[in-house]
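Asks: For the protein sequence lines, the chains are A and B, in the order given.
The first sequence begins at 90 in the numbering used here and counts up one residue at a time.
The second sequence begins at 529 in the numbering used here and counts up one residue at a time.
To start, I am sharing the structure in question, which I have written as C-alpha cells.
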Amino acid sequence: DAGVIQSPRHEVTEMGQEVTLRCKPISGHNSLFWYRQTMMRGLELLIYFNNNVPIDDSGMPEDRFSAKMPNASFSTLKIQPSEPRDSAVYFCASSSSQWHNSPLHFGNGTRLTVT
Amino acid sequence: RKEVEQDPGPFNVPEGATVAFNCTYSNSASQSFFWYRQDCRKEPKLLMSVYSSGNEDGRFTAQLNRASQYISLLIRDSKLSDSATYLCVVNVNYGQNFVFGPGTRLSVLP
C-alpha cells in the first residue's frame with residue numbers, strides 16, 4: 090500500500106501568493122483529515138471529510154483557507170492569500186469509518202514557508 | 529479541561545530504563561484509543577492501538593481503564609531510538625473524530 094501521499098514536500102512562497110497543497114488518501118479509506126502543526130500551537134485539526142463531504146471545518150483559521158475533496162482519491166487545501174503566520178507543516182491523514190479501531194494514517198507532510 | 533491530557537514531560541531516561549506515560553480523556557463516549565510516536569520534523573506514526581484487555585507489542589505495553597478514562601504506555605528496556613514525542617489519541621466516532629493529546633517528549637540517554 091502506497092500510504093497517504095502529499096505534495097509538494099516543501100513549499101516556499103511570498104506573502105500574498107496562492108498556495109495549494111494536495112493529498113491522496115489510502116485507497117479504501119473514506120475519511121480524510123487536514124492538520125497543521127507548529128511549535129507554538131502543536132497539532133491542530135483544520136478540517137475533515139467523510140465520504141468526500143466536509144464534516145467539521147471549525148478548525149479552518151479564516152476565509153483565506155479552503156479545502157475540497159472532489160473525489161475519494163484526492164483533496165486539496167488552498168490558502169489565498171498566504172501570510173507569514175501560515176508557515177507550518179501541513180499533514181493530511183486518512184482513516185476508515187467502516188472499521189472499529191481504524192487508526193489515522195498520516196502523509197509525510199508539506200512544510201510551508203511564507204516569506 | 530482539555531479533552532485529552534498527557535504527562536507534561538519531558539522524560540529523560542538512561543538506556544535500558546523502563547518508562548511509563550499516562551493519558552486521561554474526558555469524553556466517556558470515546559470508542560477507540562491509540563498511541564502514536566512522532567520524531568522531530570516527521571509525521572506522527574501509529575505505535576499501537578490500545579485494546580480493552582490491554583495489549584503488548586515487544587517492549588511496549590498499553591493499558592486502558594475505561595472506568596477511570598485512563599490510558600497508559602509502558603516502554604521496557606528503552607533504546608536510544610525510542611527518543612520521540614508520544615501522542616495519546618482518542619477516537620470518539622469510529623474513523624472520524626480523533627482527538628490528540630499534547631504529547632510527551634522522551635529522550636533516552638546513552
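In this text, a Cβ means the ideal position worked out from N, Cα and C, and glycines have one as well.
Owing to the predicted nature of the structure, the values given are computational and were not obtained by experimental measurement.
1. Using a Cβ-Cβ distance under 7 angstroms, would B:GLN624 count as near chain A?
2. Would you say B:LEU634 faces chain A, with C-beta separation under 7 angstroms as the test?
3. For the beta strand (DSSP E) that A:ILE136 lies in, which residues bound it at each end?
4. What in chain A is Cβ-close to B:GLU571, meaning under 7 angstroms?
5. Taking the beta strand (DSSP E) that A:ALA156 falls in, what are its first and last residues?
6. Determine the closest residue to B:GLY647 out of B:TYR598, B:LEU608, B:ARG604, B:ASP605, with distance taken between C-alpha atoms.
7. Excluding five sequence neighbours on each side, which residues of the same chain lie with their C-beta closer than 8 angstroms to the C-beta of A:MET104?
8. CB-CB under 7 angstroms to A:ARG153, same chain, minus the five flanking residues each way: which ones, in chain order?
9. Determine the direct distance from the alpha carbon of B:GLN566 to that of B:ALA612, and round the result to whole angstroms.
10. So with Cβ pairs under 7 angstroms, would you call A:LEU132 a contact of chain B?
11. Express the C-alpha separation of B:ASN583 and B:ASN646 in angstroms, rounding to a whole number.
12. Who does A:GLN95 pair with in a DSSP beta bridge?
13. Along chain A, which residues have their Cβ under 7 angstroms away from the Cβ of B:PHE628?
14. Which residues bound the beta strand (DSSP E) around A:ALA182?
15. Given 8 angstroms as the limit, is there contact between the segment 536-546 of chain B and the segment 629-638 of chain B, that is, 3 or more CB pairs closer than that?
16. If you measure between the beta carbons of A:TYR205 and A:PHE180, is that distance less than 7 angstroms?
17. Could you give the C-beta distance for B:PRO572 and B:LEU615, rounded to a whole number, given that I count them as a contact under 8 angstroms?
18. Counting only beta-carbon atoms, is A:PRO159 nearer than 7 angstroms to chain B?
19. Would B:SER577 count as contacting chain A if we go by Cβ distances under 7 angstroms?
Replies: Put simply:
1. yes
2. no
3. 131-139
4. PHE180, PHE195, GLY196, ASN197, GLY198
5. 154-160
6. Because residue 647 of chain B is not part of the residues shown, which for chain B are 529 to 638, the question remains open.
7. PRO170, SER171, GLU172, PRO173, VAL203, THR204
8. ILE168, GLN169, PRO170
9. 6 angstroms
10. yes
11. In the structure as shown, chain B starts at 529 and stops at 638, and residue 646 of chain B therefore has no counterpart that could be examined.
12. A:CYS112
13. LEU132
14. Judged by DSSP secondary structure, A:ALA182 falls within the beta strand (DSSP E) whose first and last residues are 177-184.
15. Short answer: they touch.
16. Here chain A comprises residues numbered 90 to 204, so residue 205 of chain A is not present and cannot be evaluated.
17. 6 angstroms
18. Not one chain B Cβ lies under 7 angstroms of A:PRO159.
19. Yes, because at least one Cβ of chain A sits closer than 7 angstroms to the Cβ of B:SER577.
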